[in-house]
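Novice: Have a look at this one.
Number of protein chains: 2
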Amino acid sequence: MSKLEIANRLRSAREMAGLSQGQAAKRLGMHRPTISEIEAGRRNVKSDELLKLANLYGVEITWITEGKVNEDKIDQSILAAARELSSMKDEDIEALINTIKMIKASENKDGKN
Amino acid sequence: MSKLEIANRLRSAREMAGLSQGQAAKRLGMHRPTISEIEAGRRNVKSDELLKLANLYGVEITWITEGKVNEDKIDQSILAAARELSSMKDEDIEALINTIKMIKASENKDGKN
DNA sequence: ACCAACGGTAAGAATATATTACCGGCGGTA
DNA sequence: TACCGCCGGTAATATATTCTTACCGTTGGT
């Protein structure tokens, strides 16, 4: 199903990025047959591979997985937060705080290419 | 690494969606231990699972994988409330906003189990 | 006490992946 | 022609992961 579509879009993205399977594999520390099998739809893509592939190919993950492009950047974010906060339920705030802790805990991570 | 972050966000998303591991597993035709192991960061998430999970939980894939959401706008009413939380850094605030949006989205979803 | 649901995890079977190697095709070039 | 280097596909098998069932302790309700 969407596995094949993902495979196809991964191949398209790689080609649009002007990379061979070998080049992509080398850059990501993967083996070339892995790329080949993935693009053939015979091999699953792990979520962290998906991240690295999308990043290397310069596309958004949602384009790989769903074929959709996400638009804008977060700008007026803080304003947004304020309003949303006011209508949140207590349990949601609790979950939110847990998430904040999580964010804090994983703060020193790298995500860029 | 990001595998653990993904695991944490998957758990957060599930909880915010108000689903137990068993409910989520049943809905997606997965086994409960699979969800458990994924959320513990011991099991890889396949790309199609990622798709289904994000969909079920009512969050965007990019939030799961990268902790980011590209989305719209809101107002400025309760700015003060947000500022209270704003001993955080900008990047954390950004993540916070994304989380809030996610929570709101899940509220209107199929909250019930 | 019971019961039901939750989430964690152990263990062996089943499946998937990693890694190496080999294949044929294709452009260039001598 | 032959040779070369790079490309992408794939076979083989040792290794790793996942599936599946089952059991555990905890919690909340009756």
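Residue numbers (my numbering), protein chains in the order written: chain C, 1 to 113; chain X, 114 to 226. Backbone N, C-alpha and C define an ideal beta-carbon position, used for all residues, glycine too.
1) Rounded to a whole number of angstroms, what is the C-alpha to C-alpha distance between X/A194 and X/E118?
2) Taking only beta-carbon positions, decide if C/T65 is within less than 8 Å of chain X.
3) Taking C-beta pairs closer than 8 Å, name the residues in chain C that X/T175 reaches, listed in chain order.
4) Short of 6 Å in beta carbon distance, which residues of its chain neighbour X/Y170, apart from the five on each side in sequence? Order them along the chain.
5) Is X/V172 closer than 8 Å to C/K46 when the C-beta atoms are compared?
6) Judging by CA-CA distance, which residue of X/E152, X/D161, X/G135 is the nearest neighbour of C/K114?
7) Please list the residues of the region 123-149 of chain X that have a C-beta atom closer than 8 Å to any C-beta atom in chain C, keeping them in chain order.
8) Give me the Cβ distance between C/L28 and C/I64, rounded to the nearest whole Å; I'm assuming they're in contact under 8 Å.
9) Please list, in chain order, all residues of the same chain as C/I35 whose beta carbon is under 6 Å from its beta carbon, the five residues on each side excluded.
10) Starting from C/A25, follow the alpha helix (DSSP H) in both directions and report where the run begins and ends.
11) Mind listing the chain C neighbours of X/L163? Cutoff is C-beta to C-beta under 8 Å, in chain order.
12) Give every residue of the same chain whose Cβ lies closer than 8 Å to the Cβ of C/I61, excluding the five residues on either side of it in the sequence, and list them in chain order.
13) Closest Cβ-Cβ distance between C/N44 and chain X: below 8 Å?
Specialist: Answer, in terms of the structure:
1) Below a pLDDT of 50, predicted positions are generally treated as unreliable, and X/A194, at 45, falls in that range; no measurement from the model is reported.
2) Yes - at least one Cβ of chain X is within 8 Å of the one on C/T65.
3) E60, I61, T62, N70
4) A126, R127, A130
5) no
6) The structure shown has nothing for residue 114 of chain C, since chain C only spans 1 to 113.
7) Here the close residues are S125, E128, M129.
8) With 8 Å as the limit, C/L28 and C/I64 do not qualify as a contact, their Cβ atoms being about 14 Å apart.
9) Q21, A24, A25
10) 21-28
11) S47, L50, T65
12) L50, L51, A54
13) yes
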